[in-house]
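Protein chains in written order, with our numbering: chain A, 9 to 129; chain B, 32 to 216.
Positions of the beta carbon are idealized from the N, C-alpha and C atoms, including for glycine.
First up is the structure itself, then whatever we jot down about it.
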Amino acid sequence: MKNLKYLVFGMVFGVVLTKAEVISWFRIQEMFRFQSFHMYGVIGSAILVGAISIGLLKKWNVKAIDGQNIKFPVKPYNKAAIYGGLIFGFGWALTGACPGPISRSSVMGIVFLSSRSYLPC
Amino acid sequence: MIDLIHEPWPWYVAGPLIGLMVPLLLVFGNRALGISSSLRHICAMCVPMNIEYFKYEWRNEKWNLAFVGGILIGGLIAAQWMLGDAKVEISQETVTDLSALGVKQFDSYLPADLFSWANLLSVKGFVFMCLGGFLVGFGTRYANGCTSGHSISGLSNLQFGSLVATISFFVGGLLMTHLVLPLIL
């Protein structure tokens, strides 16, 4: 199954998100109260590594393994980024989670959190 | 050397690993890291309604569902076998602030005062879980991305739209935390 590799990448990602505690409501509160560097460190270093990686992929003209040109993520600006962003921000501070952590039980955009509170999803 | 299995990972371990997901997915699959679009795929898959937003070939996006499925499995594995104790060592200032607002339970990833099945039917529980979840789901789709798609993936490719979105995420979170939470906690 060609999607198996994504399952494996996802598993690694899920372990990292859990072990970094970025799925913790408390960590998110700490971040929005500017009382710890943890979340800023995680997000900042992730962006730095991601940006350097993309820069190198472009510089060396690396192809995807199937030989195709890599399609880099393009996110054009529009006003929806502001409105949607603010709405997500409200929800982020309430639930202490973003879609990675709470993608499990979502029905039509209504997301219920698991009662087993340490579960990341 | 810290115990990487049972101790929480410091930011300088976890952050770069998250960042490496970006080139990994691009090189091995030509896919851009993103999670919240899976919400849309699931709806398009499960809800056969005549909604324009759900009319697209979601089968091409199965990889994203596999990725999100993997996140769930990875999260379960980590929660079952890789947590020494589930207590999150947050700063004392945060504990003090939250205690003053009435949060009592600090021994898990989330305050059980707020997040539990038993609380789901209370007004407070409904606001934090259902309304909060709705805002996350609706907001990320409206903004066309979440912390992964915009803040990690998009910003890594220096996308202006992602910068605007990320700033908006934070402004929204700050407003909720400092203006609304004190009223409803």
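| Asked | Found |
| --- | --- |
| Can you have a look at residue 86/B and say buried or exposed, based on whether 16 or more other CB atoms are within 10 angstroms of its CB? | exposed |
| Figure out for me which residue from 176/B, 151/B, 142/B, 168/B has the closest Cα to the Cα of residue 74/B. | 168/B |
| Please state the DSSP three-state secondary structure of residue 77/A. | strand |
| Under a three-way DSSP split, which group does residue 66/A fall into? | helix |
| With 8 Å as the C-beta to C-beta threshold (strictly closer), list the residues of the region 115-129 of chain B near chain C in chain order. | The chain labelled as chain C is not found among the protein chains of the depicted structure, namely A and B. |
| What runs of the alpha helix (DSSP H), each 4 residues or longer, lie entirely inside the region 117-155 of chain B? | 123-131 |
| Of all the residues that make up the region 58-71 of chain A, which are near chain B by a beta-carbon distance shorter than 7 Å? | 58, 59, 61, 62, 65, 70 |
| Between the region 166-181 of chain B and the region 195-203 of chain B, can you find at least three pairs of beta-carbon atoms closer than 8 Å? | yes |
| Find out if the Cβ-Cβ distance for the pair residue 118/B, residue 138/B is shorter than 7 Å. | yes |
| By the 10 Å Cβ neighbour count, where 16 or more other Cβ atoms means buried, how is residue 62/B classified, buried or exposed? | buried |
| Would you kindly check if the distance between the Cβ of residue 57/B and the Cβ of residue 60/A is under 7 Å? | no |
| Run through DSSP, which three-state label would residue 71/A get? | strand |
| Could you check where the alpha helix (DSSP H) with residue 206/B kicks off and where it finishes? | 191-206 |
| If contact means a Cβ-Cβ distance below 8 Å, which residues of the region 87-98 of chain A contact chain B? | 88, 89, 90, 91, 92, 93, 94, 95, 96, 97, 98 |
| Determine the burial state of residue 187/B: buried for a count of at least 16 other Cβ atoms within 10 Å of its Cβ, exposed for fewer. | buried |
| When DSSP labels each residue in this structure, what does residue 16/A get in the three-state scheme? | helix |
| Output the boundary residues of the alpha helix (DSSP H) element that contains residue 31/A. | Neither: residue 31/A is in no alpha helix (DSSP H) and is coded neither H nor E. |
| Residue 74/B by DSSP, collapsed to three states: which one? | helix |
| So, under 8 Å CB-CB, residue 55/B and residue 45/A are touching, yes? Tell me the CB distance rounded to an integer number of Å. | With 8 Å as the limit, residue 55/B and residue 45/A do not qualify as a contact, their Cβ atoms being about 26 Å apart. |
| Under 8 Å Cβ-Cβ, which residues of chain B neighbour residue 75/A? | Under the 8 Å cutoff, chain B gives no residues; its nearest Cβ is about 10 Å from residue 75/A. |
| Looking at C-alpha atoms only, which residue of 105/A, 41/A, 87/A, 53/A is the closest neighbour of residue 213/B? | 41/A |
| Buried or exposed for residue 87/A, going by 16 or more other Cβ atoms inside 10 Å? | exposed |
| For the pair the region 87-101 of chain A and the region 122-140 of chain B, tell me if three or more CB-CB distances fall below 8 Å. | no |
| Short check: CB of residue 208/B to CB of residue 101/A, under 7 Å? | yes |
| Report the neighbours of residue 185/B on chain A: residues whose CB is nearer than 9 Å to its CB, in chain order. | 81, 82, 83 |
| Do residue 53/A and residue 47/B count as a contact pair if the criterion is CB distance below 7 Å? | yes |
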